[in-house]
Amino acid sequence: MGDHPLTGRTREVAALQHAVALAAHGATVFVDVRGEPGIGKTSLLDELVRIAARHGFAVRAGRGQEVARQRPFGPFAGMPSLLPTALMVERYRLHRAFAAELERAAGERGLLLILDDLHWADSASYELLSHLLRHPPEAPLVIAAAYRPRQAPALLHAALQKSHARHIRLDVGPLSREAVAELVGEREAERRHAESGGNPFHLWAGVPMQEFAQLDRPAATVAAAIAVGGDGLDPRQVAHLAGLPIEDTLAALDTLAARDLIGHDLAFRHPLLRQAAYRHADPDWLAGAHARAAEWLRSRGAPATELAHHVERSARPGDARAAATLIEAAQLALAGAPASATHWLGAALRLIPDGDADPALLHTLARALHVQGRIGESRRLLRRLVPAMPWGGERGSTVFLCVTLDQIAGDRGAATALLESELAAPPEQEAYLARVRLNLAMIHADSGEAERAGAWAGLVIGSGQRLYEAGAHAVLAVVAAERAFSDAVWHARHATALVDGLLDGELAGALEVAMWAAEAAHVTECFPDAIRHLTRALPLARSTGQNVFAHAFLLQLAGSQFWTGRLTEAWQSAVDALEIAELLQSPEMVCVTLARQCQIALDLGEVELAVRLGERACAEDRHRRAMCAGLLAMARLAAGDAEGALRDLRAALPGMATARLPHWYDVLVQAELRLGRVAQARLWADEAAALSVPAAYGYARLAAARVHAAAGDPRLAAAAAGEAATRFAETGVPMVEAQARLVAGSALADLGESTAAHHELSRARDLFTACGSPHWRDQARGELRRLGARRPRRATGEALTERERDIAVLLRQGLSNRQIAARLRVSTRTVETHLGRIYRKLGVANRAGLVSRLAG
1 MGDHPLTGRT REVAALQHAV ALAAHGATVF VDVRGEPGIG KTSLLDELVR
51 IAARHGFAVR AGRGQEVARQ RPFGPFAGMP SLLPTALMVE RYRLHRAFAA
101 ELERAAGERG LLLILDDLHW ADSASYELLS HLLRHPPEAP LVIAAAYRPR
151 QAPALLHAAL QKSHARHIRL DVGPLSREAV AELVGEREAE RRHAESGGNP
201 FHLWAGVPMQ EFAQLDRPAA TVAAAIAVGG DGLDPRQVAH LAGLPIEDTL
251 AALDTLAARD LIGHDLAFRH PLLRQAAYRH ADPDWLAGAH ARAAEWLRSR
301 GAPATELAHH VERSARPGDA RAAATLIEAA QLALAGAPAS ATHWLGAALR
351 LIPDGDADPA LLHTLARALH VQGRIGESRR LLRRLVPAMP WGGERGSTVF
401 LCVTLDQIAG DRGAATALLE SELAAPPEQE AYLARVRLNL AMIHADSGEA
451 ERAGAWAGLV IGSGQRLYEA GAHAVLAVVA AERAFSDAVW HARHATALVD
501 GLLDGELAGA LEVAMWAAEA AHVTECFPDA IRHLTRALPL ARSTGQNVFA
551 HAFLLQLAGS QFWTGRLTEA WQSAVDALEI AELLQSPEMV CVTLARQCQI
601 ALDLGEVELA VRLGERACAE DRHRRAMCAG LLAMARLAAG DAEGALRDLR
651 AALPGMATAR LPHWYDVLVQ AELRLGRVAQ ARLWADEAAA LSVPAAYGYA
701 RLAAARVHAA AGDPRLAAAA AGEAATRFAE TGVPMVEAQA RLVAGSALAD
751 LGESTAAHHE LSRARDLFTA CGSPHWRDQA RGELRRLGAR RPRRATGEAL
801 TERERDIAVL LRQGLSNRQI AARLRVSTRT VETHLGRIYR KLGVANRAGL
851 VSRLAG
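Mapping the sequence shown onto our numbering, position 793 (from 1) lands on 793, and the numbers just tick up by one.
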């Protein structure tokens, strides 16, 4: 089987040339080469290498291997960013690191990435390819994959269906009779075409099994050794694997080369030849060869992930050392390649006598299953483990992981039942019982059962268990937020103080405490506390292997970053959370994450994207969450569909949390006003005001301001919007503060109070800019342009309030806004709001004018 030109492949070669030309202009192009065994896929990839080389592209190549298909990232394994230690990294972070590596490697010259025999790759490779195709690197890059479509798993097909890269598909079929005649001559064409079916491999190589049947024993042994060891072997390694003297090995290599079965690099000319050599060998001999391969790699310090497939194929039941190697490989692969970890743990269990399996091993298997997205299997395994485990640490780890997975699966009933059964723990298990009670409180709080949540949390407070008391205060803060906001603030502060006093090792022992402390800070509008808890807990989850919490932490972090105006950071946190949710194949997690992305996209001004995200969130929402419908309503309103927004939001209102209702009433007000229905808008604004929810007071006043402005009363609109802005400034919600200032500035402009209007609109513009929202920033700029260069109105004659006089005096003394705020124990934004009113009352435009006026 020698090198032959690509006869009969004119169309395919033209497509390959087109792919490289597209990539040379900076695009990522995916070349999808599919066809049956021996049909010429590898030859087309070789031709692509030659084309890319002529364009100056660098080339990196790998292939899947039937013998080692559980090797993590098998086709990618020789590439720098995928060192074995990288397997300890969460999958989505590893995927991004590899994409960045590809961008660097591509540079300006370009890069061709070859993935041959992809049907023999592992699950982690398909996930990585899916990421690369969904998020194509911004580089001159060609990714070319060849595979057999009938042997390709569903994961590979799913990855291809979600591709956003330029996609060139080549379905490689048999050679025509004319092409065969061109290769072998007209006399032989009919017979050879019929015998080979137009398959180039069979046309030149004949039937592989017959080829190997004709080899002498040393040559067949060496061929099998190469098949066991894979690519990149040297003669001494081959001799070791074959169990032959080096002289005999060299002679056998010459025989294989003379038959054109291997090349000068000791690799088979075609993957089918390797497959045939392996299958032709005696099974007992293969087991010994794999054992020799494992020992060779172990002696050279190779990681367990490199040894595992050899160990699996050579170990016998009861081989403790082999089981330990497989377990070590699984632990290394757990975060980055959980499917391989699951496979190796299963192999290890088959080596261990029945009944001797360590519960910790089964616990690790359960973790691998859930990281892989097989949450149901993980839950069942964990539940089988619990009854036989003694009270103590391992039992606790198993129970609380199971409880967490139950909640991810939306099965709070199962989680509650398991926890209630654990209340049978002996009294001396004080800490364990406190954690059980705390988790019961959390589940009831999550279900909206405030009284039951409070009762369980109350049993934890005073237990002397600081870690769990922190969680109990957090639960009480969350359930009190809607009915007794001052109590909620008190509990949230206690939770924060206790969490801040814990060592990292203590907090890592019950990360659900950090999650609820962050939620308590969030609902009481102490967003910096929430962000601090989450940015501390997230690396703890990763470093201790508790990645089950990563999605919740990232989603909470995105929310707190959103409300504090850190929109770019919020979007990235939400993107990270979605990557995890999709890898875990959890519709529940995907749904809530898409809803959060919808909310952030709106403030970023990406209205069409927000609508798509909201629609997808609602489509994924099995429980018809009011939040998803509400956020979709906001997106529809921004897109101009006020009727659709009203329809969705009215339907969702009964499921909304009371503490958030004024926010949704404000959205309803905007929709009604968009339709010109001022009276109906006023009813919604009155509903918001009647709720008297302290945490949402700003929204109630903002809704009132919008109605006053639409009703033609700019003075009342300016006052209400000013109060809303002050409230949002005090709670640290800059995006909504800016929106309130935008309404206030427009109302003041209608009053003819140009200086005060300019102050409010400029402040709104600056806040929108700082938050990273060009859409809203441009609205503020438009209002400023409409305001024009009006001269400041004369002083209104209104008297300054006592607080305004205090600020004016301190300003005249030369204090900055920050210094004034510190002196008066208020926020800087509150000082700025008062200054705007002072400017308006005294008819001045800035600090200099105010100082001059006061001096006069």
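A virtual CB, placed ideally from N, CA and C, is assigned to each residue, including glycine.
Fair warning: this is a prediction, and the values are worked out from it, not measured in the lab.
Spatial neighbours of residue i within its chain, please: CB distance less than 7 Å, with the 5 preceding and 5 following residues excluded, ordered by chain position.
i	result
residue 82	The predicted position of residue 82 is uncertain, since its pLDDT is 43 and thus under 50; no value can be drawn from it.
residue 17	51
residue 618	628, 629 and 632
residue 159	126, 129, 130 and 133
residue 626	652, 655 and 656
residue 576	92 and 554
residue 720	701, 704, 705 and 708
residue 68	74, 230 and 309
residue 13	6 and 47
residue 884	The chain is shown from 1 up to 856; residue 884 falls before or after that span and cannot be answered.
residue 90	335, 542, 547 and 550
residue 256	219, 222, 223 and 262
Please report the straight-line C-alpha distance between residue i and residue j, rounded to a whole angstrom.
i	j	result
residue 710	residue 20	59 Å
residue 425	residue 561	41 Å
residue 479	residue 825	30 Å
residue 455	residue 385	30 Å
residue 350	residue 317	7 Å
residue 407	residue 517	18 Å
residue 843	residue 739	25 Å
residue 322	residue 59	37 Å
residue 678	residue 529	39 Å
residue 194	residue 253	33 Å
residue 548	residue 334	12 Å
residue 427	residue 589	37 Å
residue 56	residue 6	22 Å
residue 35	residue 172	5 Å
residue 109	residue 10	26 Å
residue 858	residue 614	Residue coverage of the chain in this structure runs from 1 to 856, which leaves residue 858 outside it and unanswerable.
residue 176	residue 33	19 Å
residue 687	residue 414	39 Å
residue 851	residue 809	9 Å
residue 674	residue 646	11 Å
residue 62	residue 114	6 Å
residue 649	residue 387	47 Å
residue 682	residue 527	31 Å
residue 111	residue 347	38 Å
residue 587	residue 410	10 Å
Quick one: residues in its chain with C-beta nearer than 6 Å to the C-beta of residue i, no 5 flanking neighbours on either side, listed in chain order?
i	result
residue 723	701
residue 565	734, 735 and 771
residue 523	478 and 481
residue 741	725, 760, 763 and 764
residue 494	473
How would you label residue i, buried or exposed, when you count the other beta carbons within 10 angstroms and need 16 or more for buried?
i	result
residue 660	buried
residue 200	buried
residue 573	buried
residue 145	buried
residue 492	buried
residue 104	exposed
residue 25	exposed
residue 801	exposed
residue 358	exposed
residue 813	exposed
residue 273	buried
residue 246	exposed
residue 338	buried
Report the partner residues of residue i according to the DSSP bridge assignment.
i	result
residue 142	29 and 112
Who are the Cβ neighbours of residue i in its own chain at under 8 Å, not counting the five residues just before and after it?
i	result
residue 278	66, 67, 224, 227, 228 and 286
* If you scan the stretch 515 to 543 from start to end, which runs of the alpha helix (DSSP H) of 4 or more residues do you find wholly inside it? -> 527 to 543
* Write down every uninterrupted run of the alpha helix (DSSP H) in the stretch 713 to 799 whose length is 4 residues or greater and which is fully enclosed by it, in chain order. => 714 to 731, 734 to 751, 754 to 771 and 774 to 787
* Within the stretch 134 to 206, note down every full beta strand (DSSP E) run reaching 3 residues or more, in order along the chain. => Correct list: 141 to 147 and 166 to 171.
* Mind listing, in chain order, the continuous beta strand (DSSP E) runs of no fewer than 3 residues lying wholly within the stretch 246 to 290? => none
* Where are the alpha helix (DSSP H) runs, 4 residues long or more, that stay fully inside the stretch 442 to 483, in chain order? -> 450 to 460 and 466 to 480
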